[in-house]
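The structure appears right after this line, and notes come after that.
There are 2 protein chains.
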Amino acid sequence: MEELELMEGLQEELKEHTKQVMQLLKEKNFREIKAIINDMYTQDTAQLLEELPEKDMPPVFRLLSKENAADTFVEMSTDSQELLISVFTDAELKAVFDEMFLDDAVDVIEEMPANVVKRIINQADSKTRQQINQILNYPKDSAGTIMTVEYVSLRSHWTVRECFDRIRQVGSDKETIYSCYVTDTKRKLLGVVSVRDLLMHDYETEIATFMETDFLVAETTDDKESVAQLISKYDLFSLPVVDKENRMVGIITVDDILDVVEEETTEDIAKMAAVLPSDTPYLEQSTWQIWKNRIPWLLVLLISSTFTGIVINAYEATLSALLFACVPMIMGTGGNAGSQASSTITRSLAVGEVQPRDFLHVLWKELRASVLLGLVLAVACFGKLMLIDGLLLGYPYTWDIALIVSVALLLTIVLAKLVGCLMPILAKVCKLDPAVVASPFITTIVDVLSLIIYCQIATSLLPAI
Amino acid sequence: MEELELMEGLQEELKEHTKQVMQLLKEKNFREIKAIINDMYTQDTAQLLEELPEKDMPPVFRLLSKENAADTFVEMSTDSQELLISVFTDAELKAVFDEMFLDDAVDVIEEMPANVVKRIINQADSKTRQQINQILNYPKDSAGTIMTVEYVSLRSHWTVRECFDRIRQVGSDKETIYSCYVTDTKRKLLGVVSVRDLLMHDYETEIATFMETDFLVAETTDDKESVAQLISKYDLFSLPVVDKENRMVGIITVDDILDVVEEETTEDIAKMAAVLPSDTPYLEQSTWQIWKNRIPWLLVLLISSTFTGIVINAYEATLSALLFACVPMIMGTGGNAGSQASSTITRSLAVGEVQPRDFLHVLWKELRASVLLGLVLAVACFGKLMLIDGLLLGYPYTWDIALIVSVALLLTIVLAKLVGCLMPILAKVCKLDPAVVASPFITTIVDVLSLIIYCQIATSLLPAI
Chain A
5 MEELELMEGL QEELKEHTKQ VMQLLKEKNF REIKAIINDM YTQDTAQLLE ELPEKDMPPV
65 FRLLSKENAA DTFVEMSTDS QELLISVFTD AELKAVFDEM FLDDAVDVIE EMPANVVKRI
125 INQADSKTRQ QINQILNYPK DSAGTIMTVE YVSLRSHWTV RECFDRIRQV GSDKETIYSC
185 YVTDTKRKLL GVVSVRDLLM HDYETEIATF METDFLVAET TDDKESVAQL ISKYDLFSLP
245 VVDKENRMVG IITVDDILDV VEEETTEDIA KMAAVLPSDT PYLEQSTWQI WKNRIPWLLV
305 LLISSTFTGI VINAYEATLS ALLFACVPMI MGTGGNAGSQ ASSTITRSLA VGEVQPRDFL
365 HVLWKELRAS VLLGLVLAVA CFGKLMLIDG LLLGYPYTWD IALIVSVALL LTIVLAKLVG
425 CLMPILAKVC KLDPAVVASP FITTIVDVLS LIIYCQIATS LLPAI
Chain B
5 MEELELMEGL QEELKEHTKQ VMQLLKEKNF REIKAIINDM YTQDTAQLLE ELPEKDMPPV
65 FRLLSKENAA DTFVEMSTDS QELLISVFTD AELKAVFDEM FLDDAVDVIE EMPANVVKRI
125 INQADSKTRQ QINQILNYPK DSAGTIMTVE YVSLRSHWTV RECFDRIRQV GSDKETIYSC
185 YVTDTKRKLL GVVSVRDLLM HDYETEIATF METDFLVAET TDDKESVAQL ISKYDLFSLP
245 VVDKENRMVG IITVDDILDV VEEETTEDIA KMAAVLPSDT PYLEQSTWQI WKNRIPWLLV
305 LLISSTFTGI VINAYEATLS ALLFACVPMI MGTGGNAGSQ ASSTITRSLA VGEVQPRDFL
365 HVLWKELRAS VLLGLVLAVA CFGKLMLIDG LLLGYPYTWD IALIVSVALL LTIVLAKLVG
425 CLMPILAKVC KLDPAVVASP FITTIVDVLS LIIYCQIATS LLPAI
């Protein structure tokens, strides 16, 4: 992440606007505020509103035009949305939700407490209510929960001209019009036609003659991450979603996928750092939530450290203080070497660059790399002990102790790399999550193994030299 | 990552096709192979080709239609591309590159050795050569390097009908036609018109009357990551790219951004794992490259472990073996607690959920969470030492030693959390990369601090009890 000039410029502008609005609020110049906030991108308006004192936010929000109000509302944090809903009249609530796309409305509803949900759903007409309930019933993280149910459907016997007429007639309500879906009277999906295809054909051509009949679809119950991989791999702009009976129910567009990818990555990074993932942005998480997400792994790792304790106690009589002083270095370097390998492989698995069947290839690569790394680090370690610790700091490290430590380091690194690269693949094969084993598990295993290696080498080599 | 049924189904199909092609190769049934590979998604064709024995790949590639050949070539790995180019005749080389979009061609060229680049550029006509050279000259990771120079430009006095005529005439060559750019005769960007806008207006309307004149642009030198953030934040399908004189030079589409996001995330994950990031997919990296990316941080961390050695040597006389045996646990738990905080904050900074000005808010949250976490872990640690290590394993842990260890653990966790949450923010403020400090740096700092706390508490409390 380098300096983000482009975004920073826009953020500066937003800050300027926020100051202006605050000043205008003091002057009670609502007409001017209305002009400013209705002329901004709704993402920025949402950010501006959230900068305002709580009591000023609802009155300023009410200055938004009907359409801007809905678009801005969608962009706000759950807390702000709840605050607004609590001061909305029923008519205002209905106005905002009627303007929203259905999938956005469902996203809002999913985060609200039960009494608020009830109030929102009561305002909706019966058809919308039914659709909302249906979407709420799709399994967590499924395609059904991120699709939009608004799309353009065409009939196969229509001509290009008729299709354009249809798009003109209904298109302004649809989130994307560029992919249109040809269905029969039972909503069965027959083909896909892009506006590009329409533009490339004569107005009088029947779309049945050129519609794409070999298309990819997702089912409502498919995992949204696999939908994201599909859209990303095949460079799609949108993907139709069908139910078990192959009836068209919605579409997923590439911009929805950007959000999914961001969310999934945040999840993977959390898991690699031994945190239970959360959908809530950090600043909106309560202390209690943060505690809950972090305590399980810390407890597991605390208990598993019993093993390192056992090893140290077992070799206690044999190891001199000088050798003990190197334990953190051995364990630390081993841990780092292991997590380098495991993070790399976990990420490669996640983006599909490595498949489980590549495991021999991976193993061979890591073995060679780890020997090279280990040799260089062993030499560096020997030098550090003799020069920095020995000559400079005056600790009585002799060449045989330095050699033992260096050899142990070399073996630790090779072992850490092999464990680090194999564990995520093993997890994937066992249908477990590679990200979870990537870091916390591997550190513990490598800690214990490296300690055993170290103590074993020290006790077996020391008398021999 | 759950089970990916959707993608797995497609992968199975691909495996089936690969087997089929291998069988047909034995039977020399090239007609059938041609039918199969020209009917697949080019991403899959690329994968299929790479599964074939090296000697079979070029002849099968030659069975692809002109257009499929170019699209498939773009999807292949750099190694395979180089192999193909080495067997291509000059005419074949020209045919493949002429069919490619310019930005794809540049992506391929960037990865090739100098002699291959020369051969490719020599095949191109002079205008293309000039464009390729210009793109190759944009700074690394800039908007200029990911944009496509092929887009639809319109004139402001044209009517909707004239615009559609224009799109029909040139559109089949353009990567995306859905956003069109209204420029004057000097290529200065005046407005943006989407095909959706065109469809929503009468055929005889002049586009000047409804084109969007308040639009976002990127400059060729803007960082691609900030372009990605912009497109993601404002839900754009494409973004025009202009030069310093505000002349239109290209566009960036949302599907390009998916790749950027994937790449940037991979980079961040690598940095957090103390690996220098690489553009090359793991399996294509040589052992030497892997070594080069991993050795620097391992060396730095090895040398910095001198400090933990100093601390242990300094307190060596005071600490009993029992207390020593707890060192890995204290350091390990501290390290985990610190990286939980640092990874969470680094990711929140990366996606813009946390800004540096939120640092007091973050600090307060982490302080409360860390005290709660620390208390629970201290109690767990006390219990573990007395019950598991004491009663079960028979080590002579007394309640005062267990208490000292637990108190040290509590303090370590609080400290680790505070260091962990502040360092990434500090890095961001200093315009450094939060991902780099997120893990390797923090582990070292936390290791040393936790050791000092532990030894200091042990030496100062032990006589007192």
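Taken in order, these protein sequences are the chains called A and B. Under this note's numbering, the first residue of the first sequence is numbered 5, with each subsequent residue one higher. Under this note's numbering, the first residue of the second sequence is numbered 5, with each subsequent residue one higher. Even glycine gets a Cβ: it sits at the ideal position worked out from N, Cα and C. Predicted model only: the values in this text are computed from it and were never measured.
Assign B/K144 to one of two classes, buried (16 or more other C-beta atoms within 10 Å of its C-beta) or exposed (fewer than that).
B/K144 should be labelled exposed.
Figure out for me which residue from B/V196, B/V315, B/K59 and B/M11 has the closest Cα to the Cα of B/K30.
Per the Cα distances, B/K59.
Please report the distance separating the alpha-carbon of A/S361 from that of A/M252.
It should be pointed out that residue 361 of chain A corresponds to Arg in this sequence rather than to Ser. One C-alpha to the other measures close to 36 Å.
According to DSSP, simplified to helix, strand and coil, what is B/A128?
Reduced to three states, the DSSP call for B/A128 is coil.
Just by C-beta distance, which residues in the segment 229–250 of chain A are closer than 9 Å to chain B?
Flagged, chain order: E229, S230, V231, A232, Q233, L234, I235, S236, K237, Y238, D239, L240 and F241.
State buried or exposed for B/W301, treating a residue as buried only when at least 16 other CB atoms are found within 10 Å of its CB.
Buried, by the Cβ-count rule.
With DSSP collapsed to three states, give me the class of A/I256.
Strand at A/I256.
Just the chain A side, please: which residues come within less than 8 Å of B/T270 by C-beta, in chain order?
The contacting residues are R351 and V355.
Taking 7 Å as the threshold (beta carbon to beta carbon), is B/A373 in contact with chain A?
Yes - at least one Cβ of chain A is within 7 Å of the one on B/A373.
Taking Cβ positions only, does B/L302 come closer than 7 Å to chain A?
Chain A, which has a Cβ nearer than 7 Å to the Cβ of B/L302, makes this yes.
Does the CB of B/N340 have a neighbour CB from chain A at under 7 Å?
By this cut-off, B/N340 is an interface position.
Could you tell me whether the segment 281–297 of chain A touches the segment 166–177 of chain A, using the rule of 3 or more Cβ pairs below 8 Å?
Flag = no, the segment 281–297 of chain A and the segment 166–177 of chain A do not touch.
From the DSSP secondary-structure annotation, give me the bridge partner or partners of A/T152.
Its beta-bridge partners are A/I255.
Of the residues that make up the segment 311–333 of chain A, which ones have a beta carbon closer than 8 Å to any beta carbon in chain B?
Residues passing the 8 Å Cβ filter: T312, G313, I314, I316, N317, E320, A325, L326, F328, A329, C330, V331, P332 and M333.
Can A/V245 and A/A222 be called in contact, C-beta distance under 7 Å?
A contact, by the Cβ cut-off of 7 Å.
Among residues of its own chain, excluding the 5 on either side of A/A147, which ones have a beta-carbon nearer than 8 Å to its beta-carbon?
Contacts found: A222, E223, T224, T225, D226, D227, K228, V231, V245 and I256.
In chain order, what residues of the same chain lie with their CB nearer than 8 Å to the CB of B/T322, ignoring the 5 residues before and after it?
The residues are C459, A462, T463 and L466.
Answer yes or no: does any C-beta atom of chain A fall closer than 7 Å to that of B/A39?
For B/A39, the answer is no, since every Cβ of chain A falls outside 7 Å of its Cβ.
On the three-pair Cβ rule with 8 Å, is the segment 76–90 of chain A touching the segment 38–57 of chain A?
These segments touch.
Could you give the uninterrupted runs of the alpha helix (DSSP H) lying entirely in the segment 370–438 of chain A, keeping only those of 4 residues or more?
For the segment 370–438 of chain A, whole alpha helix (DSSP H) runs of length 4 or above, ordered along the chain, are 403–433.
What in chain B is Cβ-close to A/M11, meaning under 7 Å?
Near A/M11 (Cβ distances below 7 Å), the residues of chain B are S230, Q233 and L234.
Using beta-carbon positions only, say whether B/Q134 and B/V153 come within less than 7 Å of one another.
Going by C-beta atoms, B/Q134 is not nearer than 7 Å to B/V153.
Measure the C-alpha to C-alpha separation of A/S347 and A/L436 and round it to an integer number of angstroms.
Cα-Cα distance, rounded: 16 Å.
Could you spell out where the beta strand (DSSP E) holding A/C184 opens and where it closes?
It spans S183 to T187 - the beta strand (DSSP E) in which A/C184 sits, taken as one unbroken run.
Which residues mark the beginning and the end of the beta strand (DSSP E) in which B/P244 is found?
Note, B/P244: beta strand (DSSP E), S242 to V246.
On the three-state DSSP scale, how would you describe B/T163?
If DSSP states are grouped into helix, strand and coil, B/T163 belongs with the strands.
Could you pull the start and end residues of the beta strand (DSSP E) that A/V197 belongs to?
Where A/V197 is concerned, the enclosing beta strand (DSSP E) stretches over L193 to S198.
Looking at B/G378 and B/L414, is the spacing between their C-beta atoms short of 7 Å?
Yes, the pair counts as a contact, with Cβ atoms nearer than the cut-off.
Just checking: is the beta-carbon of A/T224 within a distance shorter than 7 Å of some beta-carbon in chain B?
A/T224 does not count as touching chain B.
Expressed to the nearest angstrom, what Euclidean distance is found between the alpha-carbon atoms of A/L240 and A/I261?
One C-alpha to the other measures close to 10 Å.
Which same chain residues, not among the five before or five after A/V411, have their C-beta less than 8 Å away from its C-beta?
Hits under 8 Å: A382, I461 and L465.
Measuring straight from C-alpha to C-alpha, what distance separates B/L203 and A/V100?
So the two alpha carbons sit approximately 27 Å from each other.
Can you pull the chain A residues whose beta carbon is under 8 Å from the beta carbon of B/M298, in chain order?
According to the sequence displayed, residue 298 of chain B carries Arg and not Met. Within 8 Å Cβ-Cβ: A341, Q344, A373 and L377.
DSSP on B/D48, reduced to helix/strand/coil?
Of the three classes helix, strand and coil, the one that applies to B/D48 here is helix, per DSSP.
Could you list which residues in chain B have their beta carbon closer than 9 Å to that of A/V380, in chain order?
By Cβ distance, chain B contributes W295, I299, L302 and L303.
Please state whether the Cβ-Cβ distance between B/C434 and B/E370 is less than 7 Å.
No, these two residues do not count as a Cβ contact at 7 Å.
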